[in-house]
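So the sequence shown is numbered by this note's numbering: it starts at 991 and just counts up by one. We treat Cβ as the ideally placed atom computed from N, Cα and C, and that holds for glycine.
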Amino acid sequence: MLLSHSKLAFNSTIRYWWRHLIQSSIISRKLTSATGSSTIGLLDEIPINPEYSTYKRYNASQLANRTTPPKCVQMLVRDFIDDSLYNPNYGYFSKQAIIFSPEKEIEFNKIKDNLEFMNLVAKMYKQHEVPLDVTNKVSRQVWHTSTELFKPWYGYAIAKYVVTEYKLSGSPSHDLIIYELGAVLDNFAHDLIRYDCISEKPYQAVVIIDDKGDFEEIYEPVTDPLIMRYLALRSRTLYKTPVLQNRFFRQLRNKLPFSPNMTSPEFIPTKELLFLEILKDYFPQHRLIISDFYKLPDTIRGIDAPVVQTRYEDTMVPCSTFMVSPGWFDIFFPTNFELLRDIYRLVCHSGTAEENIRILSQRDFLKRYADLERTKTKSGENPMLMYYENVKFLLS
């Protein structure tokens, strides 16, 4: 997935388009309880539009046959994000995303240094991009991963690890069966929760889409079984959410005028939990290799919050909210690998500490298993070690 770390100035056309597509679709972000009292974080109550109670709550599966984004509905945040990314008709991955893959292997040993490699990739990337749509000037979203950029040597490192571990298992009698999934963890939809600052009771976020297609974010006590299951599992680990630290400070702040009555937002990987449960139920003897981002730049506000971005006239446009027009924006999350390891152990290995589950940085993994001479430039620099330094591996 290609990230833009630069902050380029938008021209007036981009500013107009961005405001029209994003800001006009969000009237406000009212953080209110669906059952009564305000949870907006202010002392004064802000009532919810009573019409919202008539809106039916949908999940992403129920919207899969729609050809246009829904209106007059309620959705949990994970279903809103899932629908935005994966709806077969208007989802981001259905109409916008293209994987960049060089047509031929890059000969790193003939490249001067990392700078020349970057220029070469930029040139190939430009040639690969689909021309802009002349109507709305929104580019198809082109992104890549280490697998494509450093083929075949990145894949070779993973293959070497798999074969090595297979042989070390003691000449197993069963064949080695490999299942590969791409773009998994970072694009797994998350739920959003906040806690009452005093009682520390969790509240689940719900996205309201009104008859105009505008969004509001409301909160209600946690009742969703998947959210409850995840929070129950997490409570059995050593993880302590940062939003509930400094209890004394929160109690002191609560005595001040206009103090918030809810914590900062926290995104929780509920779809990731479903994935782990599938592994447990259908692949009980599996060995797992996961690689993804553990940190990201330009995220929206919140713990483990995502990057939300789109591309306009060759410019990457970051956003400040996940409540954006479905299908036009990539929404991807960092992964807390240490917490993932603990949840994975509880779900798939009954919490047994003796199960060897390792976490490695991508650099350490490649140093151990890759043929680094194949990706070294004339200067001695190794782009495969220099790119994607915000990636980790989980190995079971």
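Report task. Look up arginine 1056 in the DSSP assignment and say whether it is helix, strand or coil. Result -> coil
Report task. Just the C-alpha distance for serine 1051 and glutamate 1207, rounded to the nearest angstrom, thanks. Result -> 21 Å
Requested in this report: Report the rounded CA-to-CA distance for aspartate 1186 versus serine 1225, giving the unit in angstroms.
Outcome: 17 Å
**Report entry** Cα-Cα separation between alanine 1112 and proline 1092, rounded to whole angstroms
**Finding:** 11 Å
Query raised in the report: Hey, out of Arg1277, Asp1320, Asn1372, whose CA is closest to tyrosine 1302's CA?
Result: Asp1320
Requested in this report: Compute the Euclidean distance between the alpha carbons of leucine 1171 and phenylalanine 1238, then round it to the nearest angstrom.
Outcome: 45 Å
Report task. Would you check if there are 3 or more beta carbon pairs closer than 8 Å linking the stretch 1323-1332 to the stretch 1353-1370? Result -> no
Query raised in the report: Can you name, in chain order, every residue of its own chain whose Cβ lies under 6 Å from the Cβ of leucine 1223, other than the five neighbours on each side?
Result: Ile1333, Leu1336
**Report entry** Contacting residues, own chain, Cβ-Cβ under 8 Å from leucine 1263 (five flanking each side not counted)
**Finding:** Leu1216, Arg1219, Tyr1220, Leu1223, Ile1333, Val1337
Query raised in the report: What is the C-beta distance between isoleucine 1280 and phenylalanine 1383, in whole angstroms, given that I count them as a contact (C-beta under 8 Å)?
Result: 7 Å
Requested in this report: Pull up the distance between the alpha-carbon of isoleucine 1349 and that of glutamate 1210, whole angstroms please.
Outcome: 36 Å
Query raised in the report: So which of Tyr1377, Val1381, Thr1365 has the shortest CA-CA distance to phenylalanine 1098?
Result: Thr1365
Report task. Would you give the residue range spanned by the alpha helix (DSSP H) that glutamate 1379 belongs to? Result -> Taken as a continuous stretch (DSSP letters only), glutamate 1379 belongs to no alpha helix (DSSP H), as it is neither H nor E.
Report task. Report yes if the CB atom of lysine 1085 is closer than 8 Å to the CB atom of valine 1063, and no otherwise. Result -> no
Requested in this report: Consult DSSP for methionine 1313 and reduce its assignment to one of helix, strand or coil.
Outcome: coil
Query raised in the report: Between the C-alpha atoms of proline 1232 and isoleucine 1293, what's the straight-line distance to the nearest angstrom?
Result: 8 Å
**Report entry** Beta carbon of glutamate 1256 nearer than 8 Å to that of arginine 1331
**Finding:** no
Report task. Flag this pair as yes or no: are the beta carbons of glycine 1317 and asparagine 1077 separated by less than 8 Å? Result -> yes
Query raised in the report: Thinking C-beta only, is valine 1067 closer than 8 Å to histidine 1180?
Result: yes
Query raised in the report: Under the DSSP definition of a beta bridge, which residues are partnered with leucine 1066?
Result: Val1196
Requested in this report: Label threonine 1058 either buried or exposed according to how many other C-beta atoms from any shown protein chain fall within 10 Å of its C-beta, with 16 as the threshold for buried.
Outcome: exposed
Query - Secondary structure of glycine 1026, DSSP reduced to three states - result: Residue confidence for glycine 1026 is low, a pLDDT of 36 falling below 50, so the modelled location carries little weight; the figure read from the coordinates is stated next. In the structure shown, glycine 1026 sits in coil (DSSP, three-state: anything other than H, G, I, E or B).
Requested in this report: Measure the beta-carbon distance from valine 1153 to methionine 1065 and round it to whole angstroms, keeping in mind my assumption that it falls under 8 Å.
Outcome: Not confirmed; about 44 Å, so no contact.
Query - Start and end residues, beta strand (DSSP E) containing methionine 1252 - result: Neither: methionine 1252 is in no beta strand (DSSP E) and is coded neither H nor E.
**Report entry** Chain-order list of residues whose beta-carbon lies under 6 Å from that of threonine 1367 (same chain, five-residue window excluded)
**Finding:** Phe1098, Ile1101, Asp1103
**Report entry** Separation of asparagine 1244 from aspartate 1034, as counted between CA atoms
**Finding:** Here aspartate 1034 scores only 36 on pLDDT, less than 50, and its place in the model should not be relied on; the value that follows carries that caveat. Roughly 14 Å separates the two Cα atoms.
Query raised in the report: Where leucine 1385 and phenylalanine 1327 are concerned, what is the direct C-alpha to C-alpha distance, given to the nearest angstrom?
Result: 11 Å
Query - Coil, strand or helix - isoleucine 1290 by DSSP - result: coil
Query - Spatial neighbours of aspartate 1072 in its chain, beta-carbon cut-off 6 Å, leaving aside the 5 residues before and after - result: Ala1050, Ala1179
Report task. Tell me whether the beta-carbon of alanine 1149 lies closer than 8 Å to the beta-carbon of alanine 1360. Result -> no
**Report entry** Bridge partners - glutamate 1207, DSSP secondary structure assignment
**Finding:** Val1197
Report task. Let me know the secondary structure DSSP gives glutamine 1352 once reduced to three states. Result -> helix
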